[in-house]
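Residue numbering for the sequence shown follows our numbering, starting at 2 and increasing by one per position. No residue lacks a Cβ here, since even glycine has one placed at the ideal position from N, Cα and C. These numbers were taken from a predicted model, which means no experiment stands behind them. Beneath this line is the structure, given in structure tokens, with notes to follow.
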Amino acid sequence: MDKIVIEGGKKLCGSIKISGAKNASLAVLCASILSSGEILLENVPDISDVRVMIEIITGFGAVAEWETPDTLRIVPPKTVNGKAPFHLVKKLRASNLLLGPMLARFGCAEVAMPGGCNIGVRPMDLHFKGLAGLGAGLSLERGYVYCSVPGRLKGARIYLDFPSVGATENIMMAACLSEGQTLIENAAKEPEIVDLANFLNSMGAKVRGAGTDIIKIDGVSSLEGGGRYAIIPDRIEAGTFMVTAAATGGDVTLENVIPIHMEPLSAKLREANVDVIEGEGTLRVRAGGNLRAIDIKTMPYPGFPTDMQSQLMALLSTVPGTSVIVENIFENRFMVADELKRLGAKIKVEGRVAVIEGVPSLHGAQVKATDLRAGAALIVAGLMANGKTEICNAAFIDRGYHKLEERLRSLGASIWRK
Ligand code: EPZ
2 MDKIVIEGGK
12 KLCGSIKISG
22 AKNASLAVLC
32 ASILSSGEIL
42 LENVPDISDV
52 RVMIEIITGF
62 GAVAEWETPD
72 TLRIVPPKTV
82 NGKAPFHLVK
92 KLRASNLLLG
102 PMLARFGCAE
112 VAMPGGCNIG
122 VRPMDLHFKG
132 LAGLGAGLSL
142 ERGYVYCSVP
152 GRLKGARIYL
162 DFPSVGATEN
172 IMMAACLSEG
182 QTLIENAAKE
192 PEIVDLANFL
202 NSMGAKVRGA
212 GTDIIKIDGV
222 SSLEGGGRYA
232 IIPDRIEAGT
242 FMVTAAATGG
252 DVTLENVIPI
262 HMEPLSAKLR
272 EANVDVIEGE
282 GTLRVRAGGN
292 LRAIDIKTMP
302 YPGFPTDMQS
312 QLMALLSTVP
322 GTSVIVENIF
332 ENRFMVADEL
342 KRLGAKIKVE
352 GRVAVIEGVP
362 SLHGAQVKAT
372 DLRAGAALIV
382 AGLMANGKTE
392 ICNAAFIDRG
402 YHKLEERLRS
412 LGASIWRK
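Below, the structure written as structure tokens:
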């Protein structure tokens, strides 16, 4: 069942409800460790990355149970009795977000280094710079990072050389229980950062400025738990559905979205002559006639999201003319190009630049997903291609999308698991 098969050429039409955000959920699950009280998380996507994170925090002694298909009840651990083991951490890089909350709540943390992944080296120097700035001692031994602090972390002024999402999140979580005020300068501004800050404040933290490049955190002595909290919609899942609508010349309405979070993508799709119509918590995407070639540069939010880059590459592969993509965030995020070429795309990759010459059409083929978003891009391409496409390593796709093929079928796609 690790293959997805697509019979391409069908227009997608209809409406689809967008799930909660993977990347906000993973950070919020880590932040729940900071609390001593029970939490009810709503709009949590049931995807494999979330299930791995649940396995990791329950390994520390937390209780996490699905009350409904998208509501999680969490009882945080009273003490930490374990570490984030390598066999789980290697599946989920985001487990590095446990460092800050474990350090802040329990004074120590032991997390396997996630190591690199397919899209890049993924260093953690900015995470370590921030936690050390708050007074933590860190050491790396045998592939694990050990952190500890005698007494309490102390607020500090921390400048991030790059607006790293994960480093901003780790520092923000650790600072919530630090003594005094912490300033994070050149902070990441992604919507998931704002969602994490809102969750922390719902538990009694004092975080201000999330969403800007300066975040101020006034440390408190403890967090009592915040009752209910609803995760924001997933802007990358929403973007992926928008691209499938455009790629198949369809007409799809997305429900449960925050249009402003989609603006970097909506603007580029409009530039490519796709209709994107905003409603109350909805976006309608209609691709009429001829799409236009466009250029894309991935940047930190509110720039164009790197997590949508592969999907756009697939869409642009049959748009007449030359489109250019510059990937400024990760050093190895063009792997999907080789798979798209097996479907007939004409793409030339030089370092961080990919040049796409639009071809009249793609043809079905056997391809492999190399990472989560590359897998999503191959689904976009398979929906466009004439004939049958088989995508292996479909488990990559399940990391970030809940029942994607079932939901695409509801829009008219001919797609199934094999
Ligand atoms: C988050 O990863 C997301 N993952 C990624 O989504 C997303 O692509 C990325 O942010 C950028 O938006 C989660 O939130 C779980 P970064 P993260 O730290 O936090 C460099 C997906 O498909 N860097 O902002 O790891 C790093 O090498 C995933 O859903 C350092 O140099 O991203 C990269 O070039 C993929 N030192 C750049 O910053 C550090 O200490 C962006 O990384 C940390 C990062």
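Could you check what DSSP says for A22 in three-state terms: helix, strand or coil? Start at 1 with the first residue of the sequence shown, and residue 22 comes out as number 21. In this structure, A22 counts as coil in the three-state DSSP scheme.
Given that a residue counts as buried once 16 or more other Cβ atoms are within 10 Å of its Cβ, and exposed if not, what is K18? Within the sequence shown, numbered from 1, the residue matching residue 18 stands at position 17. Exposed.
Give the secondary structure of N387 by DSSP, where H, G and I count as helix, E and B as strand, and everything else as coil. Locating residue 387 in the sequence shown gives position 386, where the first residue counts as 1. Here N387 sits in strand by DSSP.
Residue burial classification, T69 (beta-carbon count within 10 angstroms, cutoff 16): Locating residue 69 in the sequence shown gives position 68, where the first residue counts as 1. That one is exposed.
Could you tell me the alpha carbon to alpha carbon distance between P102 and G156, rounded to whole angstroms? One-based indexing of the sequence shown puts residue 102 at position 101. One-based indexing of the sequence shown puts residue 156 at position 155. Each residue's Cα considered, the two are about 14 Å apart.
Between the Cα of M2 and those of G413, K404 and S411, spot the shortest distance and give me the residue it belongs to. By one-based count along the sequence shown, residue 2 stands at place 1. Nearest C-alpha to M2: K404.
Where are the alpha helix (DSSP H) runs, 4 residues long or more, that stay fully inside the region 274 to 352, in chain order? If only complete runs of 4 or more residues are kept, the region 274 to 352 shows the alpha helix (DSSP H) at 310 to 317 and 337 to 343, in order along the chain.
Return helix, strand or coil for A110, following the three-state DSSP convention. Taking the first residue of the sequence shown as 1, we reach residue 110 at position 109. Three-state result, A110: strand.
So, helix, strand or coil for D50, using DSSP? For this step, residue 50 is matched to residue 49 along the sequence shown. Correct three-state label for D50: helix.
Please report the distance separating the alpha-carbon of R400 from that of E358. By 1-based counting over the sequence shown, the position of residue 400 is 399. By 1-based counting over the sequence shown, the position of residue 358 is 357. Taking the straight line joining both Cα atoms gives about 31 Å.
Enumerate in chain order the residues of its own chain whose CB-to-CB distance from V90 is below 7 Å, with the five nearest sequence positions on each side excluded. Indexing the sequence shown from 1 puts residue 90 at position 89. Cβ neighbours of V90 beyond the five flanking positions: S96, V112, A113 and P115.
Limits of the alpha helix (DSSP H) - the one that R143 falls within: On the sequence shown, position 142 is the one that residue 143 refers to. R143 -> no alpha helix (DSSP H), and no H or E assigned at all.
Please report the Cβ distance between L1 and M204, rounded to the nearest whole angstrom; I am assuming they are in contact, meaning their Cβ atoms lie under 8 Å. It is not possible to answer for residue 1, since the shown part of the chain is limited to 2 through 419.
Report all residues from its chain with a CB closer than 8 Å to the CB of I55; omit the five preceding and five following residues, and keep chain order. Within the sequence shown, numbered from 1, the residue matching residue 55 stands at position 54. Same-chain partners within the cutoff: L30, A65 and L73.
Please report the straight-line C-alpha distance between S16 and R287, rounded to a whole angstrom. The residue labelled residue 16 in the question sits at position 15 within the sequence shown. The residue labelled residue 287 in the question sits at position 286 within the sequence shown. Approximately 12 Å, taken between the alpha carbons.
Output needed for D47: all residues of its chain with C-beta closer than 7 Å, excluding positions within five of it in sequence on either side, in chain order. Start at 1 with the first residue of the sequence shown, and residue 47 comes out as number 46. Excluding sequence neighbours, D47 sits near P70, D71 and H403.
Whole-Å CB distance - V360 paired with S318, under 8 Å assumed: Stepping through the sequence shown from its first residue, residue 360 is reached at position 359. Stepping through the sequence shown from its first residue, residue 318 is reached at position 317. That belief holds up - the Cβ atoms of V360 and S318 are roughly 7 Å apart, short of 8 Å.
Looking only at DSSP bridge pairs, what is E407 linked to? Within the sequence shown, residue 407 is the residue found at index 406, counting from 1. DSSP lists no partner for E407.
Quick check: is any heavy atom of the ligand EPZ less than 7 Å from the C-beta of D126? Position 125 of the sequence shown, counting from 1, holds the residue named residue 126. Yes, the Cβ of D126 comes within 7 Å of a heavy atom of the ligand EPZ.
Kindly give me the distance between the Cβ atoms of R418 and I5, rounded to whole angstroms, as I take these residues to be in contact under 8 Å. Along the sequence shown, read from residue 1 onward, the residue named residue 418 stands at position 417. Along the sequence shown, read from residue 1 onward, the residue named residue 5 stands at position 4. Their Cβ separation, rounded to whole angstroms, is 6 Å, which keeps R418 and I5 in contact under 8 Å.
Between which two residues does the beta strand (DSSP E) holding D372 run? Locating residue 372 in the sequence shown gives position 371, where the first residue counts as 1. That residue, D372, is in no beta strand (DSSP E); it is neither H nor E in DSSP.
Taking DSSP's pairing of strands, which residues face E186 in a bridge? Residue numbering aside, residue 186 sits at position 185 when the sequence shown is read from its first letter. Looking at the DSSP output, E186 shares a beta bridge with Y160 and I215.
Taking C-beta to C-beta, are N199 and P234 nearer than 8 Å? Here residue 199 corresponds to residue number 198 of the sequence shown, with the count starting at 1. Here residue 234 corresponds to residue number 233 of the sequence shown, with the count starting at 1. Cβ distance not < 8 Å, so N199 and P234 don't count as in contact.
DSSP state of L135 mapped onto helix, strand, coil: Translated into the one-based positions of the sequence shown, residue 135 becomes position 134. DSSP places L135 in coil when its eight states are reduced to three.
Which residue wins for smallest C-alpha separation from H262, given the options D252, A137 and T283? Indexing the sequence shown from 1 puts residue 262 at position 261. With distances taken between Cα atoms, H262 lies closest to T283.
Could you have a look at D252 and say whether DSSP puts it in helix, strand or coil? In the sequence shown, residue 252 corresponds to position 251, counting from 1. D252: strand per DSSP, three-state reduction.
Helix, strand or coil: how does DSSP classify I75 here? Here residue 75 refers to the residue found at position 74 of the sequence shown. In the three-state reduction of the DSSP assignment, I75 falls in the strand class.
Does the region 341 to 352 come close enough to the region 378 to 387 to have 3 or more Cβ pairs within less than 8 Å? yes
Which of the three DSSP states, helix, strand or coil, is assigned to A175? Within the sequence shown, numbered from 1, the residue matching residue 175 stands at position 174. Three-state result, A175: helix.
For E391, collect the residues of the same chain with a Cβ closer than 6 Å to its Cβ; drop the 5 residues on either side in sequence, then sort them by chain order. Translated into positions along the sequence shown, residue 391 becomes position 390. So the list reads K4, V6 and Q367, once near-sequence residues are dropped.
Between the beta-carbon of G330 and the beta-carbon of A355, is there less than 8 Å? Counting from 1 along the sequence shown, the entry for residue 330 is found at position 329. Counting from 1 along the sequence shown, the entry for residue 355 is found at position 354. Note on identity: in this sequence residue 330 is Ile, with Gly being the wrong assignment. In this structure, A355 does not lie closer than 8 Å to I330 by Cβ.
Provide the residue span of the alpha helix (DSSP H) that contains E272, from first to last. As a working note, residue 272 is residue 271 in the sequence shown. Note, E272: alpha helix (DSSP H), P260 to E272.
Relative to the C-alpha of G322, which residue among G365, D372, P303 and D296 is closest? To locate residue 322, count along the sequence shown from 1; it is residue 321. The option with the nearest alpha carbon to G322 is D296.
Beta strand (DSSP E) segment containing E358, residue limits: Locating residue 358 in the sequence shown gives position 357, counting from the first residue. Note, E358: beta strand (DSSP E), V354 to E358.
DSSP on G65, reduced to helix/strand/coil? For the purposes of this step, residue 65 is taken as the residue at position 64 of the sequence shown. According to the sequence as given, residue 65 is Ala; it is not Gly. Strand, per DSSP.
With a threshold of 7 Å, establish whether the CB of F163 neighbours any heavy atom of the ligand EPZ. Here the question's residue 163 lines up with position 162 in the sequence shown. Yes; taking the cut-off as 7 Å, the Cβ of F163 has a heavy atom of the ligand EPZ nearer than that.
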